[in-house]
Amino acid sequence: MNLAITLLVALAVASVIGTVLQQGQPYPDYLLKFGPFWFEVYKALGLYDVYSAPWFLFILSFLVVSTSVCLVRHTPFMWKEMTRFREHQQERSLRALSHRSEWDVAMDPGAAADTAEAALRRHGFRVRRKPRKRGELVAAMSGAANRLGYVFTHLGIVVICVGGLIDGNVLLQWQYWTGDLTVETRDIPVSQVDESSRLPPRPGAFRGNVTIPEGGSAGVAFLRMGEGYVVQELPFRLKVEDFRIEHYDTGQPQSFESDVVLQAPGLEEPIEQTIRVNEPLEYNGYAIYQANFGDGGSRLDLRLWPLDGGEPATMEARVNGEAPLPDSGPRLEVTDFSVFNIHPRPDAVNNRDVRNVGPSFTFRLRRETGEAVEYRNYMQPVAMDGGRYYLSGMRRSPADEFRYLHIPADPDGELDRFMALLEQLRGEESVAAAADRAMQDIGVEQEQVRRQVAREAHGMIDTLLESGFDAVLEQQRQRAEARAGEAPERLMDFYRLVLERTLWEAYARVLTREGSDPAEPTEEDLVFYRDAITAMTALADYGAPVFLELTNFDHRQATGLQIARAPGQNVVYTGALMLTVGVFLLFYVAHRRMWCWVRPGANGAHVLLAGSSHRDPIGFARVFERLQADLAQRFRPHGPADSTGARPGERQ
Amino acid sequence: MSTQQVLGQDTYDDRSFLARLSWFDWAWALALIAGTVYASVQYSPWMDVYNQGILYMACGMVLLVGWLWKPARVFVLAVAAASLFAVFRYPALEAAETDFFLNYLLSSQAAIMWMCALFPAATLAYLGGLVARAPFPQQVGSALAWVACGAGLVGLLVRWWESYLIGPEVGRIPVTNLYEVFVLFAFTTGLIYLYYEYRYGTRALGGFVGLVISAAIGFLLWYHFAQDAHHIDPLIPALQSWWMKIHVPANFIGYGSFAISAMMGVAYLIRARNPGGWERHGLPSAELLDDLMYKTVALGFAFFTVATILGALWAAEAWGGYWSWDPKETWSLITWLNYAAWLHLRFSKGWRGTPMAWWAVAGLFVVTFTFLGVNIFLSGLHSYGEL
Numbered sequence: 194m195n196l197a198i199t200l201l202v203a204l205a206v207a208s209v210i211g212t213v214l215q216q217g218q219p220y221p222d223y224l225l226k227f228g229p230f231w232f233e234v235y236k237a238l239g240l241y242d243v244y245s246a247p248w249f250l251f252i253l254s255f256l257v258v259s260t261s262v263c264l265v266r267h268t269p270f271m272w273k274e275m276t277r278f279r280e281h282q283q284e285r286s287l288r289a290l291s292h293r294s295e296w297d298v299a300m301d302p303g304a305a306a307d308t309a310e311a312a313l314r315r316h317g318f319r320v321r322r323k324p325r326k327r328g329e330l331v332a333a334m335s336g337a338a339n340r341l342g343y344v345f346t347h348l349g350i351v352v353i354c355v356g357g358l359i360d361g362n363v364l365l366q367w368q369y370w371t372g373d374l375t376v377e378t379r380d381i382p383v384s385q386v387d388e389s390s391r392l393p394p395r396p397g398a399f400r401g402n403v404t405i406p407e408g409g410s411a412g413v414a415f416l417r418m419g420e421g422y423v424v425q426e427l428p429f430r431l432k433v434e435d436f437r438i439e440h441y442d443t444g445q446p447q448s449f450e451s452d453v454v455l456q457a458p459g460l461e462e463p464i465e466q467t468i469r470v471n472e473p474l475e476y477n478g479y480a481i482y483q484a485n486f487g488d489g490g491s492r493l494d495l496r497l498w499p500l501d502g503g504e505p506a507t508m509e510a511r512v513n514g515e516a517p518l519p520d521s522g523p524r525l526e527v528t529d530f531s532v533f534n535i536h537p538r539p540d541a542v543n544n545r546d547v548r549n550v551g552p553s554f555t556f557r558l559r560r561e562t563g564e565a566v567e568y569r570n571y572m573q574p575v576a577m578d579g580g581r582y583y584l585s586g587m588r589r590s591p592a593d594e595f596r597y598l599h600i601p602a603d604p605d606g607e608l609d610r611f612m613a614l615l616e617q618l619r620g621e622e623s624v625a626a627a628a629d630r631a632m633q634d635i636g637v638e639q640e641q642v643r644r645q646v647a648r649e650a651h652g653m654i655d656t657l658l659e660s661g662f663d664a665v666l667e668q669q670r671q672r673a674e675a676r677a678g679e680a681p682e683r684l685m686d687f688y689r690l691v692l693e694r695t696l697w698e699a700y701a702r703v704l705t706r707e708g709s710d711p712a713e714p715t716e717e718d719l720v721f722y723r724d725a726i727t728a729m730t731a732l733a734d735y736g737a738p739v740f741l742e743l744t745n746f747d748h749r750q751a752t753g754l755q756i757a758r759a760p761g762q763n764v765v766y767t768g769a770l771m772l773t774v775g776v777f778l779l780f781y782v783a784h785r786r787m788w789c790w791v792r793p794g795a796n797g798a799h800v801l802l803a804g805s806s807h808r809d810p811i812g813f814a815r816v817f818e819r820l821q822a823d824l825a826q827r828f829r830p831h832g833p834a835d836s837t838g839a840r841p842g843e844r845q
Numbered sequence: 137m138s139t140q141q142v143l144g145q146d147t148y149d150d151r152s153f154l155a156r157l158s159w160f161d162w163a164w165a166l167a168l169i170a171g172t173v174y175a176s177v178q179y180s181p182w183m184d185v186y187n188q189g190i191l192y193m194a195c196g197m198v199l200l201v202g203w204l205w206k207p208a209r210v211f212v213l214a215v216a217a218a219s220l221f222a223v224f225r226y227p228a229l230e231a232a233e234t235d236f237f238l239n240y241l242l243s244s245q246a247a248i249m250w251m252c253a254l255f256p257a258a259t260l261a262y263l264g265g266l267v268a269r270a271p272f273p274q275q276v277g278s279a280l281a282w283v284a285c286g287a288g289l290v291g292l293l294v295r296w297w298e299s300y301l302i303g304p305e306v307g308r309i310p311v312t313n314l315y316e317v318f319v320l321f322a323f324t325t326g327l328i329y330l331y332y333e334y335r336y337g338t339r340a341l342g343g344f345v346g347l348v349i350s351a352a353i354g355f356l357l358w359y360h361f362a363q364d365a366h367h368i369d370p371l372i373p374a375l376q377s378w379w380m381k382i383h384v385p386a387n388f389i390g391y392g393s394f395a396i397s398a399m400m401g402v403a404y405l406i407r408a409r410n411p412g413g414w415e416r417h418g419l420p421s422a423e424l425l426d427d428l429m430y431k432t433v434a435l436g437f438a439f440f441t442v443a444t445i446l447g448a449l450w451a452a453e454a455w456g457g458y459w460s461w462d463p464k465e466t467w468s469l470i471t472w473l474n475y476a477a478w479l480h481l482r483f484s485k486g487w488r489g490t491p492m493a494w495w496a497v498a499g500l501f502v503v504t505f506t507f508l509g510v511n512i513f514l515s516g517l518h519s520y521g522e523l
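So the protein sequences, as listed, match chains A and B. Each residue of the first sequence is one higher than the last, beginning at 194 in our numbering. Each residue of the second sequence is one higher than the last, beginning at 137 in our numbering.
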């Protein structure tokens, strides 16, 4: 029994490990977390999948064996306890019990024994009478089912563990260790997966996942194993007609549903069913669950705005696909697309105050060298701080947070004005023209100075767009120091003035082309100008030659289904039922024994009542006192009605 | 109150259990059944066969509890009356602020706040009575504890109604997030304690149990005010199931009982330091404390077993497998194994007293981690009540 307690505690402690160390993560993540040495140590200990580790299964099987041995050894004893009334008890041993009572009764012994039996039965005892040498023993017991509780609880545990073993993946693990089964680690189409990583349809248990795009179908499931996966072939095909997400008003998802069609060789008609969370499809021992969802290759229509000026191009891309950008730039890899983006409002006081900012897509631009920058662009301008901005998040490593570029939207809510301004600033001639107008404004008359400064203005703006505002300042400082000697500040002020005026003149040209008068800019135009210049200076860090605008999309979702087969499930449930029944029998049924020893006495009969209980002494004391009171009443000479007579017996 | 106290009397009531029931028992049962049938018919469009089954099962359980534990009948009537009154005054959510009764007493926020105030008050009364050796404050403590339990239960029942006022698709039983289950924990623990108080005829232990409830209420208030957790949010798809209605309450009978057993352990250990002194203060005998500790562990274990099994059945339907070694599942197993070991020591090795009391106290930490720690420190499928 010490063993049982040790095993229970050992199992509890071992179970903790798997909750502290996240299970079933990709191996590189662990390597990153623990370093090469501890990664190998933990791997050898099986800590990445503790609950399938040999040592864990060993503790578990040890518990099962020890419980079974315990059961085999104790069940015969329990059976005896349940069925035997112990009618061979000696009077002496009855007197040794702490709960006992005696009466001298004016009845003949047979009648007294009858009375005792009636009272015991009335109190729920089963009775067996045994004539003895001097008198008669009325032996009684109740709650024998308590002993069944022992059998049921322990048998229940064994049955649950056996069922769990049937549903565990011990066999697969074994094949994996012996090398009969190899795991696939590459992300490749199913058809290319090697035969040694494929499992034919089989009656055994498994739990796998498969992602099917809308309109697509699949006849396999992927089982996670070690650092990769194996492919489990299914005896049926699943076609996904549609996948839907319903939302609450608050934007939280309300339901995930997949309309699936199951086709199998033996089926006359395919099964059509809608699978929801909490409502799986059951077929022939297989259960198919709604597990998650993703993008099934949505079509995205993109407009590519070159950031070095020029006309935008268009292209079509697919989520999870990749393609070279036109003009042999970096490769575009679209990784994700979502129709809804629920974010807290800018002025939100709590996290329930949310809004939908519309679709977004996530992509990487990978250069030939292999390095990639990740972006997340929103389709529609997002209202914030009084303006509306096209947001584009950028990060160089998945470990970083996205940093956002805010491109102001023009009054039509489009990118055109910003891009027109960008084009103005990129063009050598347009900049020269703008600088010329700027100097006219300032009042610089000399032709030669004007021409030289106009050239320099182009250089400054280029620096601004390529390297940011600080670089422009530095350039100006160096130039001013080289030229002016003693008074660089004045010259620097001049350059700054020229730069500012040139930028404004370029903007004024854009406004003029739009048909509005730059001499009287609206408040909105001024705000746009300020934001546009801020965004332009941030372009230096953006790292992409183009800005990708999402103009249209054709959403195609994919549903993530979990497919499981658990032949041991009903075994486990049977065990669970046994355990439940057993626990209640064990706790709430007390096995109690009573003996009434009746022999001829001075007044007629002498009665000795004694009892013992296997458990619950306080409850038993109450039962005994009640029985004792009942018997005292029944043994009274004139029956229960007489309450004035002295008690015929006395309690010891 | 003393209908059960036949202990040691000469006369033995020879009638069967049903025959011993009074007219009030029967009238109460009839009212309960009538209410259940009404609800079942009135709300049948919203309830499938499982929900109906759970409703009638709950009715049967309440009936049994009321007949076996007489004060529960009055409690049920009072809670039903208060909740129905609140519902009648609650045509729309705005009424919570304009209606006097709702605003100050019966809207779920008001009622839960009353519970939060009354449990600590009851604890102080109990402890005061124990220290001052005065029965009156302890009677006050008892009364306050009853009202606090009622306020908590009314709070949740009205919250149930409020969730439907927000929108029919939002409506659900309010046992779905950490805030709601803390309320559930507080009054479930209170009611289980009150049952044992009645059964064993001692109020001396109310202060001990009150401490653990008050601690839970401290957390609840922090969660409410610092984390703004009292809002009713719609349910994520995984939780939209009738299993919720039986899995969670069964779990909390378990948690509540384990918490009481730990406090019985504390009482046992304190008493052991100065048995004579504490006996004069009215603390029950060591045997009785030990027995109570066992009884509450057993009750907790039985319901925790059932709750875990129900959880497995639900998981088989929602997550695609009856056991996934999810942190919450695993910690439930650890808790279960811990108390299984405790019970084995008592049953087969016959251990009693001080070591078992220490173990019961330690058990509370395991339970607390399962209940709360898993949500704070570990992530998994059960991440519904994040902090």
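Here a beta-carbon is modelled for each residue, glycine too, at the ideal position from N, C-alpha and C. Just so we're clear, the structure is a prediction, and the values are computed from it rather than from any experiment.
Inset, instruction - Pull up the CB-CB distance for Ala675 (chain A) and Leu614 (chain A), whole angstroms please, since I reckon it's below 8 angstroms. - result: That belief does not hold up - the Cβ atoms of Ala675 (chain A) and Leu614 (chain A) are roughly 31 angstroms apart, past 8 angstroms.
Legend entry - Continuous alpha helix (DSSP H) stretch holding Ser410 (chain A): start and end: Not the alpha helix (DSSP H): Ser410 (chain A) falls in the beta strand (DSSP E), residues 410 to 418.
Legend entry - In DSSP terms, what Ala261 (chain B) is bridged to: For Ala261 (chain B), which the question treats as bridged, DSSP gives no partner whatsoever.
Inset, instruction - Look up Tyr735 (chain A) in the DSSP assignment and say whether it is helix, strand or coil. - result: coil
Inset, instruction - Can you check DSSP and say which residues form a bridge with Ser451 (chain A)? - result: A:Phe436, A:Ile468
Legend entry - Selected residue, minimal CA-CA separation from Leu280 (chain B), among B:Leu293, B:Cys252, B:Pro304, B:Trp494: B:Cys252
Legend entry - With 16 other Cβ atoms within 10 Å as the buried cut-off, status of Val317 (chain B): buried
Legend entry - DSSP three-state assignment for Pro207 (chain B), whether helix, strand or coil: helix
Inset, instruction - Give me the Cα-Cα distance between Asn511 (chain B) and Leu168 (chain B), rounded to the nearest whole angstrom. - result: 37 angstroms
Inset, instruction - Could you run through the stretch 425 to 436 of chain B and flag, in chain order, every residue whose CB is less than 7 angstroms away from some CB of chain A? - result: Asp427, Ala434
Inset, instruction - Give, in chain order, every residue of the stretch 463 to 476 of chain B whose Cβ lies closer than 7 angstroms to some Cβ of chain A. - result: Pro463, Thr466, Trp467, Leu469, Ile470, Leu473, Asn474, Ala476
Inset, instruction - With a threshold of 16 other CB atoms inside 10 Å of the CB of Val320 (chain A), please say whether the residue is buried or exposed. - result: buried
Inset, instruction - Assuming Ala216 (chain B) and Gly171 (chain B) form a contact by the criterion Cβ under 8 angstroms, report the distance between their Cβ atoms to the nearest whole angstrom. - result: 7 angstroms
Legend entry - Cβ-Cβ distance between Ala398 (chain A) and Gly761 (chain A) below 8 angstroms: yes
Inset, instruction - Could you name the residues that DSSP lists as bridge partners for Trp467 (chain B)? - result: None; Trp467 (chain B) has no bridge partner.
Legend entry - Within chain A, the residues that Ser526 (chain B) reaches when beta carbons sit closer than 8 angstroms: With chain B running from 137 to 523 in the structure shown, residue 526 (chain B) is simply not present.
Inset, instruction - Assign Asp360 (chain A) to buried or exposed, taking buried as 16 or more other Cβ atoms, counted over all protein chains shown, within 10 Å of its Cβ. - result: buried
Legend entry - Closer than 8 angstroms to chain B by CB, Ala541 (chain A): no
Inset, instruction - Inspect the beta-carbon positions of Leu266 (chain B) and Gly343 (chain B) and report whether they are closer than 8 angstroms. - result: yes
Legend entry - Proximal residues of chain A, C-beta to C-beta of Leu514 (chain B) below 9 angstroms: Thr212, Val213, Gln215
Inset, instruction - Identify whether Lys431 (chain B) lies in helix, strand or coil by the three-state DSSP scheme. - result: helix
Inset, instruction - Indicate whether at least one CB of chain B lies closer than 8 angstroms to the CB of Gly357 (chain A). - result: yes
Inset, instruction - Look up Asn485 (chain A) in the DSSP assignment and give the residues it is bridged to. - result: A:Gly753
Inset, instruction - Measuring only between beta-carbons, confirm whether Ile535 (chain A) sits less than 8 angstroms from chain B. - result: no
Legend entry - Strand pairing of Ile535 (chain A), partner residues [DSSP]: A:Asn549
Legend entry - Cβ pair Phe429 (chain A), Tyr369 (chain A) closer than 8 angstroms: no
Inset, instruction - With distances taken Cα to Cα, identify the nearest neighbour of Val202 (chain A) among B:Trp478, B:Val497, B:Asn387. - result: B:Trp478
Inset, instruction - State the start and end residues of the unbroken beta strand (DSSP E) segment that holds His748 (chain A). - result: Looking at the DSSP string, His748 (chain A) is not in any beta strand (DSSP E), and its letter there is neither H nor E.
Legend entry - Residues of the stretch 440 to 465 of chain A with Cβ closer than 8 angstroms to any Cβ of chain B, in chain order: Tyr441, Asp442, Thr443, Gln445, Pro446, Gln447, Ser448, Phe449
Legend entry - Status (buried if at least 16 other CB within 10 Å, exposed otherwise) for Ser158 (chain B): exposed
Legend entry - DSSP bridge partner residues for Gly328 (chain A) (one or two, in chain order): A:Arg325
Inset, instruction - Using a Cβ-Cβ cut-off of less than 8 angstroms, give me the residues of the stretch 313 to 335 of chain B that come near chain A, in sequence order. - result: none
Legend entry - Euclidean distance between Cα positions of Ile198 (chain A) and Leu224 (chain A): 36 angstroms
Legend entry - Spatially closest choice to Asp718 (chain A) from A:Arg610, A:Asp734, A:Val800, A:Phe530, by CA coordinates: A:Arg610
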